[in-house]
Amino acid sequence: EVYNSTFANNSVEGASNARGGAVYLQASFSAATLINSKFINCTFTGNYAINNGGGLCASAYSGKRINIDLINCIIAYNKTGSNSDIDVWNLNERVYFNTASNCIYGTAAGGAAGIVWTNSIQPANINLADIFDEIEDWTGSFKRPVIANIQGLEVAKLSKYSIASGAGVATLSGFSIPTTDQIGNDRPSTPAIGALEVIADFPTRDIQHSSDENSTRIFVKNKTISFQGLSGAQMLSVYSMTGSLLHQSPVNNHEYLSLDHLSDNLVIVCVEGERFKIFLK
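All residue numbers for the sequence shown refer to our numbering, where the first residue is 17 and numbers rise by one.
Written out as structure tokens, the structure is:
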């Protein structure tokens, strides 16, 4: 059982069997006939494997079994030759994801594509998703979160309005879920996904939202906007105060959209029947 842990910036290399950049579960030896693994409130990010499963890989030989429970975990921004965060062999035959609940995940390749996720989030474009406090270029077009040292621990801080915030579960039948995070902060009744709660030391960001708290919200920082509450991918239109169309593009929840190319500062944003008047600094 692994709780409140960050697996970040690890790598596994070699000519063959270079699997599981952070964790490789293998039931192949005579003594390892059954493996039970629980990962609760963990973050797997920025890890690399040459072959399979940048964040997590699992493989069991014939007659052996691996049981995996993944709860309140982030497994994203990990890389392999095929850009997969998770990879397994013989899903539901030798490797079983008995629980995959309240997670944020990137790509699930190979057998992992058949994992059944519950109350989980797979961003349409991981590089545009609002998860971590700061993202850095890694290799090619691939990115990963910047790792911070807090209380002597290497961790990946969540952004102030992270999609991980409040998306976790505090109780789940059959499991013991910690009430504090990796650095000892209390977890609320609706905790964050991952090893950390949001740390409140961020600069102010303007928030505009409709009068109905259940409606679409727009978040504005300088000339970058993002949304929460859209029913899916939508067409966004930005108008000047005189009604001229300035910009139009598709948008989805929790994606960053830069409007830096606009010279107008005060604009009207229209999406899914909602109108927002915002100031772009």
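Ideal Cβ placement from N, Cα and C applies to all residues, glycine included.
Exercise for the section: Might you give, ordered along the chain, the residues of its own chain that have their beta carbon closer than 8 Å to the beta carbon of Leu169, omitting 5 neighbours on each side? Expected result: Thr22, Gln198 and Ile199
Handout entry: Cβ-based burial, Cys73 [other Cβ within 10 Å; buried from 16]
Key = buried
Exercise for the section: Could you name the residues of the same chain whose beta carbon sits closer than 6 Å to that of Val162, not counting the 5 residues immediately before and after it, in chain order? Expected result: Glu150 and Glu152
Practice task
Find out if the Cβ-Cβ distance for the pair Ala76, Val132 is shorter than 7 Å.
Solution key: Between Ala76 and Val132, the C-beta gap is not smaller than 7 Å, which leaves the two residues out of contact.
Practice task
Enumerate in chain order the residues of its own chain whose CB-to-CB distance from Asn52 is below 6 Å, with the five nearest sequence positions on each side excluded.
Solution key: Asn83
Problem - Reduced DSSP secondary structure (H/G/I, E/B, other) of Ile147 - result: coil
Exercise for the section: Can you grab the Cα-Cα spacing for the pair Ile284 / Val254, in whole Å? Expected result: 6 Å
Practice task
Measure the alpha-carbon distance for Phe243 versus Ala48 and round it to whole angstroms.
Solution key: 47 Å
Handout entry: Pairwise C-alpha distance: Asn88 and Arg221
Key = Any reading at Arg221 must be qualified, since the residue scores a pLDDT of 39, below 50, and its modelled position is unreliable; the value itself is stated next. Straight-line Cα distance between these residues: approximately 26 Å.
Practice task
Mark Arg291 as exposed unless 16 or more other C-beta atoms lie within 10 angstroms of its C-beta, in which case mark it buried.
Solution key: exposed
Problem - Endpoints, beta strand (DSSP E) assigned at Ile234 - result: Arg233 to Lys237
Problem - Straight-line Cα distance separating Asn269 from Ile147 - result: 12 Å
Exercise for the section: Using only alpha-carbon positions, find the residue among Ser247, Lys159 and Asn281 that is nearest to Leu262. Expected result: Asn281
Handout entry: Buried/exposed call for Ile166, threshold 16 Cβ in 10 Å
Key = exposed
Exercise for the section: List the DSSP bridge partners of Phe45. Expected result: None, per the DSSP bridge assignment.
Practice task
Assess, as a yes-or-no matter, whether the stretch 52–70 is touched by the stretch 89–103 under the definition of 3 or more beta carbon pairs within less than 8 Å.
Solution key: The answer is yes - the stretch 52–70 touches the stretch 89–103, with three or more Cβ pairs under 8 Å.
Problem - Closer than 7 Å to chain D by CB, Val254 - result: The structure shown contains no chain D, having only a single protein chain.
Practice task
Specify the secondary structure class of Ile142 as computed by DSSP and reduced to three states.
Solution key: helix
Problem - Selected residue, minimal CA-CA separation from Ala116, among Asp101, Asp103, Gly127 and Asn135 - result: Asn135
Handout entry: Secondary structure of Gly126, DSSP reduced to three states
Key = Reduced to three states, the DSSP call for Gly126 is strand.
Handout entry: Beta-carbon proximity check, Ala180 vs Ile241, cutoff 7 Å
Key = no
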